[in-house]
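Some notes on the structure that comes next.
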Amino acid sequence: MKLTRKLVLAKAKASDLESVKKLNCWGCNLTDISIFSQMPNIEVLTLSVNNISSLSPLASCLSLSELYLRRNTVPTLSELCHLRPLTRLRVLWLAENPCCGADPNRYRLTVLRCLPRLQKLDNQVVTEDEVALALVEGDEVSTPTSSIQNQLPNNGLPDAEMENDPLNYNMEETNKIREELGMKPLSRDKFSSLSSPSTMEKPTMKKTHVLDAVLLLLRDLDEEELQVVHTATQNRLQTYMLDSGDGQRTSAEKAADIQH
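Yeah, the sequence shown ends on 260 if you go by full-length UniProt numbering, and it's all consecutive.
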């Protein structure tokens with residue numbers, strides 16, 4: 001069933017789509033929610049117990065703060081990519097969808113890595129420690145294939161040109177991190193030209209670009225987002241220190257064995 005303009009206005013008791021702030025479509029057997037591409041001001045949306053599989057129309061709902069999608073047919077967590085532009089989204093209920101899989105812990109970490117601004121997931125409060133852990137251990141969510149096919153490939157540049165374009169390489173690394181934080185990708189004009197990648201080794205260039213991207217991102221983060229980065233950084237540093245300590249102890253033990 002397709003959700004129509006007439007049905008939305010009747011349920012919301014509104015005169016136009018732009019004035020709708022809250023909408024409850026629980027158990028309406030919906031399969032097509034394309035109407036939401038015309039509803040940028042909706043803030044609270046209940047779509048539980050339907051047959052919704054694609055979340056792409058929700059990418060236009062930039063004011064959305066609460067989204068209830070329990071018991072639908074969302075096939076993969078890749079659909080969450082459509083929710084990344086929703087910087088105000090704080091509550092998400094996604095349980096009992098095929099995308100949740102058999103491992104609830106892996107599912108939760110992956111969702112929080114994709115949407116680190118969430119404060120409540122599946123009716124359970126999200127902690128700062130969870131978000132920090134998710135940014136490290138959660139699976140990376142890629143854009144659904146159907147969405148990629150609908151976009152102009154390689155920003156209009158030929159494959160060979162994009163592969164050898166150092167500007168694009170920097171953009172890719174920066175925007176990958178921005179996506180993980182739920183931020184909009186930066187355009188090409190935000191970056192300055194770089195020297196050709198053929199003059200340097202790719203691994204070194206990649207590390208340099210990741211660092212540049214992180215430093216660039218810090219300028220755009222608010223206090224809450226900086227706290228997430230701070231917690232994640234502390235956890236990573238502790239892990240490195242522990243690994244380094246274990247390595248030193250192992251070397252010492254080996255040296256002692258040789259002496260004896």
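We put the CB at the ideal spot given by N, CA and C, even for glycine.
Treat the numbers as computed from the prediction; the structure is a model and nothing was measured.
Under the 8 Å Cβ criterion, the stretch 57-68 does not count as touching the stretch 105-118, having fewer than three qualifying pairs.
Bridge pairing for D32: K2 [DSSP].
For S34, same chain residues with a beta-carbon under 7 Å away, outside a window of 5 residues either side, are P57 in chain order.
For a cut-off of 8 Å, the C-beta gap from R71 to S48 is around 6 Å, short enough to register as a contact. In this chain, L67 is not harboured by any alpha helix (DSSP H); it is covered by the beta strand (DSSP E) spanning 66-68. Secondary structure at K21: coil, using DSSP grouped into helix, strand and coil. Judged by DSSP secondary structure, T110 falls within the alpha helix (DSSP H) whose first and last residues are 104-114. If you draw a straight line from the Cα of V228 to the Cα of N235, it is about 11 Å long. For a cut-off of 8 Å, the C-beta gap from K11 to L23 is around 6 Å, short enough to register as a contact. Our two residues, T231 and K21, have alpha carbons roughly 34 Å apart in a direct line. Excluding its 5 nearest sequence neighbours in each direction, L3 has C-beta neighbours in its own chain below 6 Å: L30, I33, I35, listed in chain order. Beyond the five residues adjoining it in sequence on each side, E137 comes within less than 7 Å, by CB distance, of L109 in the same chain, given in chain order. The shortest CA-to-CA distance from L226 to any of L80, P40, C25, P116 is the one to P116.
With contacts defined as CB atoms closer than 8 Å, S54 and E79 qualify as a contacting pair. Straight-line spacing of the CA atoms in V131 and L121 works out to 11 Å. Between T76 and N51 a beta carbon distance of about 16 Å is seen, past the 8 Å cut, so the two are scored as non-contacting.
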